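Numbering (UniProt numbering), first residue to last: 1 to 296.
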């Protein structure tokens, strides 16, 4: 399928994606210096209902004083069906983040509504949309949601697991019940890969449980997630390590690229490297890995 939406832009590295409440001035100040790849400034779950307008104003005030963070940054708004959603998306479009994260996306209609709202306010085409997949219906409809990325002018760039809401909706406790969510999580991963968008694993709530967090990161990497959403800066290093390319993988990728570039291998579909048959699909994987690591 031809990629006509926003997601064909240069691939971003999103190993570690940290949530920060929009009204937490101290956390916002520290965000620029953190080693996370992306921050999500949150107007939704971490903000009490009676504080939401003030949090939106606080975000606007801070950005007017300091400018945007020096890394990819996202604004998570309240659902457009809520009484705060419309004002949130209007303000978010004006603040020009890299993307706007939509909560509780149940299907393509939610993406349609958000894209229409952004068109109505004249939002810059470069502002992407991320979708929280955190309800049973959202899981069931995830492929149609992901496929909106391919529409002309489509803004969808990333799917994000909302594990806590999914736990609440299905009565499956976390982290012990995560194994029973695995088929649903893989459904989201598969939809993201089919559509060519990124997909991020959900948060691990106990940031004091380093062993449990690292185990879940390792599992998420094996499942095909591009990175993990985080609730505390102490989790950044573990996520970067788990979802980053290791030295051995990078060395192997470089060897594959170099081998295919040799004159004697020009035009070949299969070559042998260290006694192992390597196809051009492995070359594509190697090039993608090096590009994601910022190595050309």
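By construction, the Cβ of each residue, glycine as well, lies at the ideal position given by its N, Cα and C atoms.
Fair warning: this is a prediction, and the values are worked out from it, not measured in the lab.
- Note on the segment 237 to 275: whole beta strand (DSSP E) runs with a minimum of 3 residues are 270 to 273, in chain order.
- When DSSP states are grouped into helix, strand and coil, residue 34 belongs to the coil group.
- CA-CA distance, residue 166 to residue 182, rounds to 12 Å.
- The beta-carbon separation of residue 127 and residue 73, rounded to 11 Å, does not stay under the 8 Å limit for a contact.
- Of the residues assessed, residue 213 falls on the buried side of the cut-off, its CB having 16 or more other CB atoms within 10 angstroms.
- For residue 74, there is no enclosing alpha helix (DSSP H); the enclosing beta strand (DSSP E) covers residues 72 to 76.
- Fully contained in the segment 200 to 224 are the following alpha helix (DSSP H) runs of length 4 or more, in chain order: 210 to 223.
- The beta-carbon distance between residue 233 and residue 101, rounded to whole angstroms, is 19 Å. This is too long to meet the 8 Å contact definition.
- Judged by DSSP secondary structure, residue 16 falls within the beta strand (DSSP E) whose first and last residues are 16 to 21.
- Rounded to whole angstroms, residue 153 and residue 125 show a C-alpha spacing of 8 Å.
- For residue 11, there is no enclosing alpha helix (DSSP H), as DSSP marks it with neither H nor E.
- Judged by DSSP secondary structure, residue 142 falls within the alpha helix (DSSP H) whose first and last residues are 142 to 146.
- The beta carbons of residue 281 and residue 257 sit about 13 Å from each other, so the pair does not count as a contact at 8 Å.
- In this structure residue 295 is exposed. Its beta-carbon is surrounded by fewer than 16 other beta-carbon atoms within 10 angstroms.
- Annotated three-state conformation of residue 188 is helix, per DSSP.
- Residue pairing of residue 99 in beta bridges, as defined by DSSP: 74, 128.
- For residue 104, no alpha helix (DSSP H) encloses it, and the DSSP letter there is neither H nor E.
- With contacts defined by Cβ atoms closer than 9 Å, residue 223 and residue 201 form a contacting pair.
- A straight line joining the alpha-carbon of residue 28 with that of residue 137 spans about 33 Å.
- Beta bridge pairing from DSSP links residue 277 with 272.
- Residue environment: residue 43 is assigned as buried (16 or more neighbouring CB atoms within 10 Å of its CB, all protein chains considered).
- Non-local beta-carbon contacts of residue 147 in its own chain, meaning distances under 6 Å to residues more than five positions away in sequence, involve 195 in chain order.
- Checking the DSSP bridge columns, you'll see residue 80 has no partner listed.
- Per DSSP, the unbroken alpha helix (DSSP H) holding residue 66 starts and ends at 52 to 66.
- The three-state reading of DSSP puts residue 138 in helix, counting H, G and I together.
- Beta-bridge annotation (DSSP): residue 133 is paired with 161.
- A straight line joining the alpha-carbon of residue 122 with that of residue 139 spans about 31 Å.
- Between residue 41 and residue 103, the gap from beta carbon to beta carbon reaches 9 Å or more.
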